[in-house]
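If you use full-length UniProt numbering, the sequence shown corresponds to residues 1 to 385, in order.
First comes the structure, then the notes that go with it.
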Amino acid sequence: MKNLPELDPLARAHADRVADHLAAQIRAAGGWLPFDRWMEQALYAPGLGYYAAGSAKLAEGGRAPSGDFVTAPELTPLFARTLARQAAQVLQACGGAEVLEFGAGTGALADGLLAELDELGLRVRYRIVEVSADLRERQRARLAPYGDRVEWLDALPVSFTGCVVANEVLDAMPVRLFRWGEASLLERGVALGEGGQFVWQDRAAPADLARLVAARMPPLPGYVSEVNQQGEAFVRGMGTWLKAGAALLIDYGFARAEYYHPQRAEGTLMCHLRHVAHADPFVAVGVQDITAHVDFTAMAEAAVEGGLEVLGYASQANFLMNAGLMDLLARMDPADAAAYAQAVAPVQKLLSPAEMGELFKVLAVGRGVDEPLIGFARGDRSHTL
Numbered sequence: 001m002k003n004l005p006e007l008d009p010l011a012r013a014h015a016d017r018v019a020d021h022l023a024a025q026i027r028a029a030g031g032w033l034p035f036d037r038w039m040e041q042a043l044y045a046p047g048l049g050y051y052a053a054g055s056a057k058l059a060e061g062g063r064a065p066s067g068d069f070v071t072a073p074e075l076t077p078l079f080a081r082t083l084a085r086q087a088a089q090v091l092q093a094c095g096g097a098e099v100l101e102f103g104a105g106t107g108a109l110a111d112g113l114l115a116e117l118d119e120l121g122l123r124v125r126y127r128i129v130e131v132s133a134d135l136r137e138r139q140r141a142r143l144a145p146y147g148d149r150v151e152w153l154d155a156l157p158v159s160f161t162g163c164v165v166a167n168e169v170l171d172a173m174p175v176r177l178f179r180w181g182e183a184s185l186l187e188r189g190v191a192l193g194e195g196g197q198f199v200w201q202d203r204a205a206p207a208d209l210a211r212l213v214a215a216r217m218p219p220l221p222g223y224v225s226e227v228n229q230q231g232e233a234f235v236r237g238m239g240t241w242l243k244a245g246a247a248l249l250i251d252y253g254f255a256r257a258e259y260y261h262p263q264r265a266e267g268t269l270m271c272h273l274r275h276v277a278h279a280d281p282f283v284a285v286g287v288q289d290i291t292a293h294v295d296f297t298a299m300a301e302a303a304v305e306g307g308l309e310v311l312g313y314a315s316q317a318n319f320l321m322n323a324g325l326m327d328l329l330a331r332m333d334p335a336d337a338a339a340y341a342q343a344v345a346p347v348q349k350l351l352s353p354a355e356m357g358e359l360f361k362v363l364a365v366g367r368g369v370d371e372p373l374i375g376f377a378r379g380d381r382s383h384t385l
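In structure tokens, the structure reads:
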């Protein structure tokens, strides 16, 4: 594919190893793998997958050329400190003293949350579930000043009371791909072409996928999209262990009517390689990230099925403004023009409708939180789910 960064020899060798592994998986399955199983191996195969091998994934500071993408906590510490305001309200409402973060990246979000919660007078324990060994080590180094208040978990808790945070976690879960044919639904999978390269191949969709998609959108011949059943199972499963508190799910995506809009006919599958976004998952396997946008209606339905309530749904811009981002920015001295400009630029990216402000959403689900959450005081779109 044109305009993609060249891989260095080490990265190229790793991509070749991952490609060989995926090809072996396809052969072992009889020549075809549904895309969610292929994506899972590309991202999470032990020692090989993108999140399971030791490659730099996230740039820090927002300007670094390293990594493949930048998340909001790396852009500015004000993101985490604003989120802490909402976490503090959740903790006070449910009587909890713990935060549980899934996919903690470089540790920037945890660092900012802990610092702001300390400043607010809430000394919490912080738990992290992280599947990437190299990211876990980066987190340990960054969060060392907090000592034994930070703990890494290898499994979900049996019981938890407090605030759960998942920033850009759902989009990295393997998705099933489908395509509407002229007469029926097809499931999209991966096969091997004549030269051993990965190629798309569609087969008749199994009954469970056909029922699921038919309940979410009308037949549109030629339409390609995804369903994130693993993400839905993750959210549904929270109902078994989140005894009181709320989960803040932050990601890019849409409510269902917009997700399966007729004009979004090629789906939302997206890859990230050295800060270049493109749509071909078959290049640089194991070296690039593979994601899909989130159907927030599906996540809200899964939460309710798990016994949780929908506590709010808003654009990231509205959520951050409601939770006090501008108050935190006002702490800075505008007389220091250079420092102030440096702080304002990433905030504009967080809030701008043309950047992250509108594409990213915040969905809050939970139980035992009776008061309205501050992050959804204005612009709550729960009625659109």
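Using N, Cα and C, we set each Cβ at its ideal position, and we do this for glycine too.
Across the structure, residue 289 and residue 241 are spaced so that their CA atoms are roughly 30 angstroms apart. For residue 125, the enclosing beta strand (DSSP E) starts and ends at 125–129.
Pairwise C-beta distances place the segment 179–188 in contact with the segment 208–221, as three or more of them are shorter than 8 angstroms.
Using a Cβ distance threshold of 8 angstroms, residue 245 and residue 32 do not count as a contacting pair. Note: residue 277 is bridge-paired with 272 in the DSSP secondary-structure output. The alpha-carbon separation between residue 267 and residue 214 amounts to approximately 16 angstroms. Residue 291 and residue 337 have their alpha carbons spaced roughly 38 angstroms apart. At least 8 angstroms separates the beta-carbon of residue 216 from that of residue 305.
Counted as a single uninterrupted DSSP element, the alpha helix (DSSP H) harbouring residue 340 occupies residues 337–351. Under the three-pair Cβ rule at 8 angstroms, the segment 322–332 does not count as touching the segment 26–46.
Taken in chain order, the complete alpha helix (DSSP H) segments of 4 or more residues contained in the segment 137–205 number zero; there are none. If you look at residue 256, you'll find it in the alpha helix (DSSP H) that goes 256–259.
Residue burial is scored here from C-beta neighbours: residue 76 has at least 16 other C-beta atoms within 10 angstroms and is therefore classed as buried. Inclusion of residue 312 and residue 247 in the CB contact set at 8 angstroms is not warranted, their separation being larger than that value. The alpha-carbon of residue 279 is positioned some 14 angstroms away from that of residue 199.
Following the DSSP letters along the chain, one finds residue 237 inside the alpha helix (DSSP H) bounded by residues 229–241.
Pairing residue 194 with residue 167, the inter-Cα distance amounts to about 40 angstroms.
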